[in-house]
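When the sequence shown is numbered by this note's numbering, its final residue is 607 and no position is left out of the sequence of numbers.
C-beta: ideal position from N, C-alpha, C; glycine also.
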Amino acid sequence: MTWTSVAVAALFLIPILGVLLSLTQPSSATWSHLAETVLPRYIFNTAVLVIGVGLGVPIIGSGTAWLVTMCRFPGRRVFEWALILPLAMPAYVMAYAYTDFLQPAGPVQTLLRDLTDLSFREYWFPEIRSLGGAVAMLVLVLYPYAYLLSRAAFLDQSVCALDVSRTLGCGPWRSFWRVALPLARPAIVAGTALALMETLADYGTVSFFGIPNFTTGIVRAWIAFGDRTTAAQLASILLIFVFAVLLFEAQSRGKARFHQATNKYQQLPGYRLGGWAALGAFSACLLPLLLGFLLPAAVLFFMALEAGDGQFGRRYFELVGNSFTLALITAVLAVLLATLMAYGRRLQGGWLVTTSHRLASMGYALPGTIIAVGILIPFAAFDNALDGWLRATWGISSGLLLTGGIAALVFAYLVRFLAVSLNTVDSGLGKIRPSMDDAARSLGSRPLATLLRVHAPIMWPSMLTAGLVVFVDVMKELPATLVMRPFNFDTLAVQAHNFAADERLSQAATPALTIVAVGIPPVILLSRAIARGRPGDAHPAP
């Protein structure tokens, strides 16, 4: 399994190595121009986005996860799965919705002028299309990463540790700060790292808001200037930020390990809240859900009613089928590969395996367009070489085996989203005590049997979480799909982008809402399965 882990990581490094090899090529005039003019702004804006998202995501995600897991208040059952819904909302779609809602001609500023009798520019109103607005959009969309992993960690925590803190005089909040939060720190950091890498790779939001950063610079150098070398060199600098995020995630753990202190699982204590405490918990969970899903979904719904896509019908069944197929295949493969790699690291956590994990996770922070080109070049060369050899030898044609179908596109998704499943599965596997491996070996179980019969049943909530996140991410993925999809094979995300690119935002609302509708059922089902995944909680308290 160790060598399998290394082989998978080496395969997923193909597009990354293509980017790094650009550093050996001579710099062009475009690169010199960018370095002298806008490169410092790229660095500053990217750093602000990383800092803003790095602060907002863990606060909202871990706080709401603790409330719905450990506290009992009105609406908790709904918030358990509803807080995941913003993950199904593409960030650029949310940017469209808020821009329409908060623009001068929108309902908010129109109502403000009617109430105050002020005209436009006679009052101050925050500009949504700004760096701060981009941070807010990304935090509202990405906090479910920290929520999902934190909730899984809180569900897996031993009641014994919480009971000991209560016997030492800790109330619910002190137990959270001094016991539960430190124990869940690996999961919280892993979720925050995923959100940060998604921030580094985002293009739609910052492009629509007109914020120059590395991703917009890469696309501009590639498409506007036609300079792939400069685009790849900018992507290489972006990898420095990725290395920083991965190093932060690794250093935050250090040599600490977090395992269960007992084999005894009990029902988690439910802190019943009443009065102002219940109202505060309800408001704390409602606010991110309202701003991150309910409000933009309502805006999109009214936009779709006003002037939605007139082709809604049979065409959308095809789009839903294409999107669902790609998402399901990628989610299953990502979880399987992540489980093998994480278990290989557990069996032999040497520098080779550890380095392979970190390098394989870097694809999550690369723009989808860079990954697409990094894959298309070698895959197309292989297809053409194989077809030429078969024609010359046997007189038959193999066609485009990899690039002519969805195989290359699924591989691009795996390169892009392997870090999501790998970090999640690795966090769940790391909570299983090593003594359980020793016990399984003493009973004659080989490593694969131990994984299937011992580890998998314990960490399946983390595996479900990984599958859920990958599924939703693929449903709304856009750049790689635009470049690599087969002919006449569109997805909901492509349909929404085509309308938005033509400034037909009302029509783009229809496929965007369909993405959300397709993602809601698995979100609800898997969220409930995760909640039931804790041993000893077959009948959780209401």
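**Request:** Rounded to whole angstroms, what's the CA-CA distance from TRP341 to GLY140? Just pull it up for me.
**Result:** Numbered from its first residue, the sequence shown carries residue 341 at position 276. Numbered from its first residue, the sequence shown carries residue 140 at position 75. Each residue's alpha carbon lies about 15 Å from the other.
**Message:** So, does the stretch 430-450 touch the stretch 463-477, judging by three or more C-beta pairs under 8 Å?
**Reply:** yes
**Asked** CA-CA distance, THR175 and PHE190?
**Response** Position 110 of the sequence shown, counted from the first residue, corresponds to residue 175. Position 125 of the sequence shown, counted from the first residue, corresponds to residue 190. Approximately 12 Å, taken between the alpha carbons.
**Prompt:** On the three-pair Cβ rule with 8 Å, is the stretch 470-477 touching the stretch 550-565?
**Reply:** yes
**Prompt:** So, helix, strand or coil for TYR381, using DSSP?
**Reply:** Taking the sequence shown and counting its residues from 1, one reaches residue 381 at position 316. Helix.
**Asked** When you compare each of LEU578, ILE81, PHE564 to GLY439 by their alpha carbons, which one comes out closest?
**Response** Translated into the one-based positions of the sequence shown, residue 439 becomes position 374. Cα-wise, what sits closest to GLY439 is ILE81.
**Asked** Helix, strand or coil for ARG511 per DSSP?
**Response** The residue given as residue 511 occupies position 446 in the sequence shown. Reduced to three states, the DSSP call for ARG511 is coil.
**Item:** Candidates LEU508, THR134, ALA425, of which the one nearest LEU76 by Cα
**Value:** Here residue 76 corresponds to residue number 11 of the sequence shown, with the count starting at 1. Checking every option, the nearest Cα to that of LEU76 belongs to ALA425.
**Reduced DSSP category for TYR336 - H, G, I as helix; E, B as strand; rest coil** = Within the sequence shown, the letter at position 271 stands for residue 336. If DSSP states are grouped into helix, strand and coil, TYR336 belongs with the strands.
**Prompt:** At a cut of 8 Å, does the stretch 245-265 reach the stretch 201-219 through at least three beta carbon pairs?
**Reply:** yes
**Request:** Taking 8 Å as the threshold, find out whether the stretch 529-541 comes into contact with the stretch 494-503 through three or more Cβ pairs.
**Result:** no
**Item:** Any alpha helix (DSSP H) of 4 or more consecutive residues that is wholly inside the stretch 412-447
**Value:** 416-425
**Prompt:** Measuring CB to CB, does TYR163 end up less than 8 Å from PHE273?
**Reply:** As a first step, residue 163 must be located in the sequence shown, where it is residue number 98. As a first step, residue 273 must be located in the sequence shown, where it is residue number 208. Not a contact, by the Cβ cut-off of 8 Å.
**Asked** Leaving out the 5 sequence neighbours to the left and right, which residues in its chain are closer than 8 Å to MET549 when beta-carbon positions are compared?
**Response** Here residue 549 is taken as the residue at index 484 of the sequence shown, counted from 1. Hits under 8 Å: ALA437, ILE440, LEU441, THR468, ALA473, LEU474, ALA477.
**Asked** Rounded to a whole number of angstroms, what is the C-alpha to C-alpha distance between TYR268 and LEU405?
**Response** Here residue 268 is taken as the residue at index 203 of the sequence shown, counted from 1. Here residue 405 is taken as the residue at index 340 of the sequence shown, counted from 1. Distance between the alpha carbons of TYR268 and LEU405 is about 31 Å.
**Prompt:** Who are CYS136's beta bridge partners in DSSP?
**Reply:** Taking the first residue of the sequence shown as 1, we reach residue 136 at position 71. Answer is TYR336, bridged to CYS136.
**Prompt:** How about PRO432: is its C-beta nearer than 8 Å to some C-beta of chain C?
**Reply:** The question asks about chain C, but that chain is absent: this structure has only one protein chain.
**Message:** Do LEU354 and LEU132 have their beta-carbon atoms positioned less than 8 Å apart in this structure?
**Reply:** Position 67 of the sequence shown, counting from 1, holds the residue named residue 132. Position 289 of the sequence shown, counting from 1, holds the residue named residue 354. Cβ atoms of LEU132 and LEU354: not closer than 8 Å.
**Closest residue to ALA403 among ALA343, THR489, LEU351 (Cα-Cα distance)** = Within the sequence shown, the letter at position 338 stands for residue 403. The shortest C-alpha separation from ALA403 is found at THR489.
**Prompt:** Between which two residues does the alpha helix (DSSP H) containing PRO526 stretch?
**Reply:** Along the sequence shown, one-based indexing puts residue 526 at 461. Start and end: 521-541.
**Asked** Can you tell me where the alpha helix (DSSP H) with GLY464 in it begins and where it stops?
**Response** To locate residue 464, count along the sequence shown from 1; it is residue 399. First-last for GLY464: undefined, no H or E at that position.
**Message:** In chain order, what are the residue ranges of uninterrupted alpha helix (DSSP H) at least 4 long that sit wholly in the stretch 125-187?
**Reply:** 141-147, 156-167, 172-181
**Closer than 7 Å: VAL485 CB and nearest the ligand SAH heavy atom** = With respect to small molecules bound, the structure shown includes none, and the ligand SAH cannot be examined in it.
**Message:** Just to confirm my understanding: we take PRO155, look at its own chain, exclude 5 residues before and 5 after, and list those with CB closer than 8 Å. What are they?
**Reply:** To locate residue 155, count along the sequence shown from 1; it is residue 90. These residues qualify, in order along the chain: VAL206, GLY269, LYS541, LEU543, ALA558, ALA561, ALA577, ILE580.
**Minimum C-alpha distance to VAL200 - residue among PHE366, SER184, PHE382, ILE276** = For the purposes of this step, residue 200 is identified with residue 135 of the sequence shown, where counting begins at 1. Comparing Cα-Cα distances from VAL200 to each of PHE366, SER184, PHE382, ILE276, the minimum goes to ILE276.
**Message:** Check for me: the alpha helix (DSSP H) holding GLU192 runs from which residue to which?
**Reply:** For the purposes of this step, residue 192 is taken as residue 127 along the sequence shown, with counting starting at 1. Note, GLU192: premise wrong, no alpha helix (DSSP H); not H, not E.
**Request:** Put ILE302 into one of helix, strand or coil per three-state DSSP.
**Result:** As a first step, residue 302 is located in the sequence shown; it is residue number 237 there, counting from the start. In the structure shown, ILE302 sits in a helix (DSSP, three-state: H, G or I).
**Request:** For ASP292, collect the residues of the same chain with a Cβ closer than 8 Å to its Cβ; drop the 5 residues on either side in sequence, then sort them by chain order.
**Result:** Here residue 292 is taken as the residue at index 227 of the sequence shown, counted from 1. So the qualifying residues of the chain are SER93, THR95, TRP96, ALA286.
**Prompt:** Closest to LEU370 by CA distance: which of GLY509, PHE138, SER571, LEU547 is it?
**Reply:** As a working note, residue 370 is residue 305 in the sequence shown. For the residues GLY509, PHE138, SER571, LEU547, the minimum Cα distance to LEU370 belongs to SER571.
**Prompt:** From GLY119, LEU547, SER70, THR89, pick the residue whose C-alpha is nearest to that of PHE313; which is it?
**Reply:** By 1-based counting over the sequence shown, the position of residue 313 is 248. Residue GLY119 is the option with its Cα nearest to PHE313.
**Request:** Assign ALA74 to buried or exposed, taking buried as 16 or more other Cβ atoms, counted over all protein chains shown, within 10 Å of its Cβ.
**Result:** As a position in the sequence shown, residue 74 is number 9, starting the count at 1. With 16 or more other Cβ atoms within 10 Å, it is buried.
**Prompt:** If you check the beta carbons only, do PHE279 and TYR107 fall under 8 Å apart?
**Reply:** Position 214 of the sequence shown, counting from 1, holds the residue named residue 279. Position 42 of the sequence shown, counting from 1, holds the residue named residue 107. Cβ atoms of PHE279 and TYR107: closer than 8 Å.
**Prompt:** Which residues in the same chain as ILE79 place their Cβ atom closer than 7 Å to its Cβ, once the five residues preceding and following it in sequence are excluded?
**Reply:** Looking up residue 79 in the sequence shown gives position 14. Excluding residues within five positions, the ones whose Cβ falls inside 7 Å are GLY439, ILE440, PRO443.
**Request:** With DSSP as the reference, label GLN560 as helix, strand or coil.
**Result:** Taking the first residue of the sequence shown as position 1, residue 560 is located at position 495. It is helical.
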